[in-house]
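J.:
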Amino acid sequence: MARILVVDDEMGIRSLLQEILTSQGHQVETACDGREAVQLARKNSYQLLIMDRNMPIMTGIEALHLLRADAKLHGLKILMCTSASVVREIEEAFKAGADDYLIKPLNLRAVLEKVQTILNG
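See below:
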């Protein structure tokens, strides 16, 4: 199974995703903002980041730009999540390098399906 980093400023979402993904056999770690996510991604080997768009300190979009600029992280898959369903914001995430996008509130079945699709793609 995959090694996944869940990045969200809401502890409840981090815990829920960690529990659900761990129950599917994945190894899951968490971070509370984009800066921590970038630091962890540079130190560790993840197959997937599930990252919130709107966070303090460093947003998911800012972190996404840094992650995509790092040649060592070229194969890293990134699934963005947010409560914003504004088309412009979704397009911005894809332009910054997101592999896919989920809108909150998260449907856990949809999360698992997206994770499988991304990891198998």
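Each residue of the sequence shown is one higher than the one before, starting from 518 at the first, in this note's numbering.
Even glycine gets a Cβ: it sits at the ideal position worked out from N, Cα and C.
Inspect the CB distances between the region 574-591 and the region 537-544 and report whether three or more fall short of 8 Å.
T.: The region 574-591 vs the region 537-544: no contact.
J.: Out of curiosity, what's the CA-to-CA distance linking aspartate 617 and lysine 560?
T.: In the sequence shown, residue 617 corresponds to position 100, counting from 1. In the sequence shown, residue 560 corresponds to position 43, counting from 1. Approximately 23 Å, taken between the alpha carbons.
J.: Would arginine 605 count as contacting chain C if we go by Cβ distances under 9 Å?
T.: Of the protein chains in this structure there is only one, and it is not chain C.
J.: Using 9 Å as the threshold, is the C-beta distance between arginine 552 and threonine 599 below it?
T.: Stepping through the sequence shown from its first residue, residue 552 is reached at position 35. Stepping through the sequence shown from its first residue, residue 599 is reached at position 82. For arginine 552 and threonine 599, no; Cβs fall outside 9 Å.
J.: Measure how close the beta-carbons of arginine 615 and leucine 565 come, nearest whole angstrom, since I'm counting them as under 8 Å.
T.: Looking up residue 615 in the sequence shown gives position 98. Looking up residue 565 in the sequence shown gives position 48. The sequence given here has alanine at residue 615, not arginine. The pair is not a contact, with the Cβ atoms about 12 Å apart (cut-off 8 Å).
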